[in-house]
Amino acid sequence: MSASATPRYDRIVSLVLLVLIGLAVVFLIDINPNNFRARLGGDLPLITLSWVLVASLVVITSTGADLFIRSHPQMQNRVLPTLNLGFVRIELAPGFWILPSFAIVAPFAFFRLFSPILETTAAIIALVATGGLLLAALLGQHYALDRRPEVRHIARLGLQTITLLLAFSLFSATYYARLRFLYSGVLIGVIGTLLAYALLQWTPPRHGLFVLSSMVGVALAEATWALNYWAASFLLGGALLLVIFYVALGLVQNHLEGTLSRRVFWEYGLLGGGLLIAVVIATFR
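Position 108 of the sequence shown, counting from 1, maps to 107 under numbering that gives the first Met the number 0, and the rest follow consecutively.
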């Protein structure tokens with residue numbers, strides 16, 4: 000088999016359609032205000048049946064993404080985490096679960112915020128966004144392993160774009176909830192760490208990628224603490240966190256690729272500073 004193997008479009012499209020059908024059912028259930036709700040106690044957010052079903056779709060999608068990517072010839076050259084059950088050892092590719100999983104969670108969490116205004120249209124937009132992002136993530140991860148440099152480059156740029164879209168959606172939805180910092184900080188920190196790792200895994204192999212990804216997550220969590228005292232809309236809050244994520248991740252990526260220089264540092268600093276100023280100005284309008 001060639002290292003530039005064609006992805007199994009039939010299986011990928013089947014998985015995407017299965018997820019869309021499941022998510023459509025979730026939106027139908029979500030319309031009913033009397034569906035299952037559970038409170039874990041204290042000021043923790045409610046757990047609804049909709050989120051339980053979304054979590055099930057995430058598990059199905061992660062399993063499919065793992066099977067698809069491990070069938071790629073280039074994965075034979077990668078060292079994968081191994082789950083040792085005693086009687087059998089199973090190789091897993093958890094880094095390839097992140098973007099497909101968030102491609103389900105992010106549109107659901109983001110566009111349902113607009114349901115009171117857009118009603119059914121919000122659900123339709125969420126389904127379209129989920130289908131497009133999930134399909135693009137699965138294909139992008141496949142072609143990001145291609146042996147042709149130009150194909151790898153385009154695919155990884157596509158994955159970076161997907162990651163930024165998912166980051167904005169998830170940061171905005173979390174900021175909208177106005178949870179206590181104990182919850183919102185941890186949630187945004189975990190999201191930032193996982194999304195950072197999903198991109199950093201494409202840099203030259205080295206140890207400590209998860210630690211570097213966690214540093215990006217910690218920076219976002221600290222920014223979330225400051226945002227709790229800032230009266231801004233959830234879209235501007237999400238945009239501010241996105242800028243911090245973009246700058247921090249870009250600097251770490253350049254460091255790992257050996258291209259971090261004083262010029263690159265100042266470019267990211269000026270770009271990030273300019274975007275932050277633009278967001279702050281928009282807040283006071």
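Quick reminder that beta carbons are idealized off the backbone N, C-alpha and C, glycines included.
All figures in this text were calculated on a predicted structure; none of them were measured in a lab.
Top-ranked residue by Cα proximity to residue i, from the options
i: Ala135; options: Ser168, Thr81, Phe110, Val15; result: Val15
i: Gly130; options: Thr60, Leu48, Ala277; result: Thr60
i: Leu221; options: Phe180, Thr47, Trp229; result: Reading off the sequence shown, one finds Glu at residue 221, where the question assumed Leu. Looking at the Cα atoms, Phe180 is the closest of the given residues.
i: Gly21; options: Ser213, Asp9, Ser49; result: Ser49
i: Phe101; options: Ser13, Ser55, Pro115; result: Ser55
i: Leu337; options: Leu250, Asn253, Leu259, Ala238; result: Absent from the structure is residue 337, since the part of the chain shown begins at 0 and ends at 284.
i: Val53; options: Gln73, Ile89, His71, Leu27; result: Leu27
i: Ile153; options: Leu211, Tyr8, Gly139, Thr162; result: Gly139
i: Gly249; options: Trp224, Leu198, Ala277, Leu234; result: Leu198
i: Ile190; options: His206, Glu256, Ser213; result: Ser213
i: Leu137; options: Asn76, Glu90, Thr162, Arg177; result: Thr162
i: Gly184; options: Trp224, Arg205, His206; result: Trp224
i: Val57; options: Ile30, Pro93, Asn76; result: Pro93
i: Val25; options: Tyr196, Ile89, Ile123, Val150; result: Ile123
i: Ala230; options: Val263, Val278, Thr192; result: Val278
i: Val51; options: Thr62, Asp29, Gly63; result: Asp29
i: Tyr196; options: Leu226, Arg177, Gln159, Tyr228; result: Gln159
i: Ala64; options: Ala108, Val78, Val18; result: Val18
i: His206; options: Val78, Arg69, Ser70; result: Val78
i: Thr192; options: Thr62, Ile97, Ser13; result: Ile97
i: Tyr228; options: Arg261, Leu186, Trp265, Arg177; result: Arg177
i: Phe95; options: Gln75, Thr119, Arg69; result: Arg69
9 Å Cβ cutoff met for residue i and residue j
i: Val215; j: Phe244; result: yes
i: Tyr182; j: Gly236; result: no
i: Arg10; j: Phe67; result: yes
i: Trp201; j: Ala128; result: no
i: Ala4; j: Pro72; result: yes
i: Leu164; j: Leu117; result: no
i: Leu255; j: Pro203; result: yes
i: Leu91; j: Pro106; result: no
i: Ser168; j: Ala108; result: yes
7 Å CB neighbourhood of residue i in its chain, flanking five on each side removed
i: Gly188; result: Gly216, Val217, Leu219, Ala220
i: Ala2; result: Since pLDDT at Ala2 reaches only 45, below the 50 mark, its modelled position is unreliable, and no value is offered.
i: Ala121; result: Phe110, Arg111, Phe113, Ser114
i: Ala23; result: Leu126
i: Val150; result: Tyr142
i: Arg155; result: Ala143, Trp201
Bridge partners - residue i, DSSP secondary structure assignment
i: Glu90; result: Thr81
Residues of its chain near residue i, where Cβ-Cβ distance is below 6 Å and the 5 sequence neighbours each way are ignored
i: Ala166; result: Leu194, Leu241, Phe244
i: Phe233; result: Ser171, Tyr174, Tyr175
i: Val246; result: Tyr267, Gly271
i: Val251; result: Leu211
i: Thr208; result: Note that residue 208 is Leu in the sequence shown, not Thr. Here the set comprises Leu199.
i: Arg7; result: none
i: Leu226; result: Gly236
i: Val263; result: Asn253
i: Gly157; result: Gly139
Proximity test, residue i beta-carbon vs the ligand NAD heavy atom, cut-off 8 Å
i: Thr173; result: This structure lacks the ligand NAD; in fact it carries no ligand of any kind.
Residues near residue i by beta carbon distance below 8 Å, same chain, minus five either side
i: Met0; result: Model confidence at Met0 stands at a pLDDT of 39, short of 50, so the residue's coordinates are unreliable; what they give is reported in the following sentence. These residues qualify, in order along the chain: Pro72.
i: Thr81; result: Arg88, Ile89, Glu90, Leu91
i: Trp265; result: none
* **Inside the region 201–284 only - alpha helix (DSSP H) runs reaching at least 4 residues** => For the region 201–284, whole alpha helix (DSSP H) runs of length 4 or above, ordered along the chain, are 208–226, 233–255, 261–282.
* Asked: Which full runs of the beta strand (DSSP E) of 3+ residues lie inside the region 131–173, going along the chain?
  -> The region 131–173 contains no whole beta strand (DSSP E) run of 3 or more residues.
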